[in-house]
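Residue numbers (the working numbering): 26 to 467.
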């Protein structure tokens, strides 16, 4: 097999060593105290243009498309947030006005995109609104009973706590109802390379985003927008327009070069390396479980610990690990989230295991139970976000309309979304999460 070419990386590297007079941006001119400024360039002659690509960037994105077997895969230097907004714009473009049917664990970029695009949302929730792994029966029942179909179904999988939806079954339901399926796969770029390909595009999604920087060796901000071969052709033809609408006109070539180099990494034995690492990580999870830890989620590259079952809060466990020089991805009252990849060293792996196994188990902490129903929407997200607002103590916000969507419990699940009425149950849950103030519509 021929080694995959890296046209962006090669161009940037050659230019860095060319001793050219840089009479263009950036202002550091390739010199500076950081040491990598010479690789930080702009869209000069020969470097192509990210949103009008017909040169080295297009060649590199075509390489990416071949790796993920898509109709088109595009680069983002602004994370999956740019891709989320672009996906919704593309759906709005071809489907017109309407609403999006979404799971509640949607990223804040989804909320802002709804406001910018003047789209409504209906939340598809299980009996417990915090459980966002919607099954196909729930989705099918909703679509069968809907007087008006949504312009798309939008799910987040994997979620922050490692939960993964059955994308294949959801895709079949969407196909049967003629509805597009969009997946926020920010935490799951690696899914393509498991022994069984579990990437959303391979499972039937029409579009998805991957944050390459979360689980692949790409610089922070590097992400992908993938469009399936089964998606409407107009999504492909307008994809660059969509990205350009929301993105900076000054993409980072440091990020682009890392995305380009990642293609080579993925095509050169990554699947085998990932498989070996997952086997090792699963063995560690088994040892932790035998030691009394309760783990949750199906994400193969996360260790998600239900800290309360072990007698601690998640933040307490995180503090103990940090004393050993181990820094988790996230912790809260109930959970501790650790993200690993094959790039973690053997020494780091062993240090993590030793640190967790030496923590003594204590009596289980009983987390408070909240009887919480979704708040009622009193105005659209767009209306609320563009309204005049004031900030109140949470205790004084009962019955008011939220002007923001910044309250998450557990991670990435909004307690109150902009435009919704603040209930007594919501106030209790926000206080439990440590929030003391909230912005409300004035």
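From the three backbone atoms N, C-alpha and C, an ideal C-beta is built for every residue, glycine too.
Quick caveat: nothing in here was measured; it's all calculated off a predicted structure.
For this session: Just the C-alpha distance for residue 179 and residue 308, rounded to the nearest angstrom, thanks.
Result: 33 angstroms
Problem set entry | For residue 284 and residue 277, the rounded distance between their alpha carbons | 11 angstroms
Exercise. With distances taken between CB atoms, is the gap from residue 107 to residue 279 smaller than 9 angstroms?
Worked result: no
Exercise. Does the Cβ of residue 394 have 16 or more other Cβ atoms within 10 Å, making it buried, or fewer, making it exposed?
Worked result: exposed
For this session: Please confirm if the stretch 94-101 is in contact with the stretch 190-201, defined as three or more CB-CB distances below 8 angstroms between the two stretches.
Result: no
Problem set entry | Other residues of its chain near residue 174: CB distance less than 7 angstroms, five sequence neighbours each side excluded | 168, 202 and 204
Problem set entry | 9 angstroms Cβ cutoff met for residue 460 and residue 406 | no
Problem set entry | Inter-residue Cα distance where the pair is residue 404 and residue 150 | The alpha-carbon separation between residue 404 and residue 150 amounts to approximately 20 angstroms.
Problem set entry | Cβ shell of residue 444 (< 6 angstroms), same chain only, five flanking positions each side left out | 402, 404, 405, 406 and 409
Problem set entry | Presumed contact (8 angstroms Cβ cut-off) between residue 359 and residue 332, rounded CB distance | Between residue 332 and residue 359 the Cβ distance is about 6 angstroms, and since that is below 8 angstroms, they are a contact.
Exercise. Can you round the beta-carbon distance between residue 299 and residue 219 to whole angstroms, since I take them to be within the 8 angstroms contact cut?
Worked result: 7 angstroms
Exercise. In terms of residues, what are the limits of the alpha helix (DSSP H) holding residue 217?
Worked result: Neither: residue 217 is in no alpha helix (DSSP H) and is coded neither H nor E.
Problem set entry | residue 418, enclosing alpha helix (DSSP H) - first and last residue | Taken as a continuous stretch (DSSP letters only), residue 418 belongs to no alpha helix (DSSP H), being part of the beta strand (DSSP E) at 414-418.
Exercise. Considering only the beta carbon of each residue, do residue 105 and residue 256 sit closer than 9 angstroms?
Worked result: no
Exercise. Which class does residue 248 belong to by DSSP, given the choice of helix, strand or coil?
Worked result: strand
Exercise. Taking residue 65 as the reference, which of 306, 282, 464 and 436 has the closest Cα?
Worked result: 282
Exercise. Can you tell me whether residue 411 is buried or exposed, with buried defined as 16 or more other CB within 10 angstroms of its CB?
Worked result: exposed
Exercise. Taking Cβ positions, are residue 430 and residue 439 nearer each other than 9 angstroms?
Worked result: yes
For this session: Please report the residue range of the beta strand (DSSP E) in which residue 233 lies.
Result: In the DSSP assignment, residue 233 falls within the unbroken beta strand (DSSP E) covering 232-235.
Problem set entry | Euclidean distance between Cα positions of residue 89 and residue 214 | About 12 angstroms.
Exercise. In whole angstroms, what separates the C-alpha of residue 132 from that of residue 235?
Worked result: Approximately 13 angstroms, taken between the alpha carbons.
For this session: With distances taken Cα to Cα, identify the nearest neighbour of residue 362 among 94, 27, 290 and 186.
Result: 186
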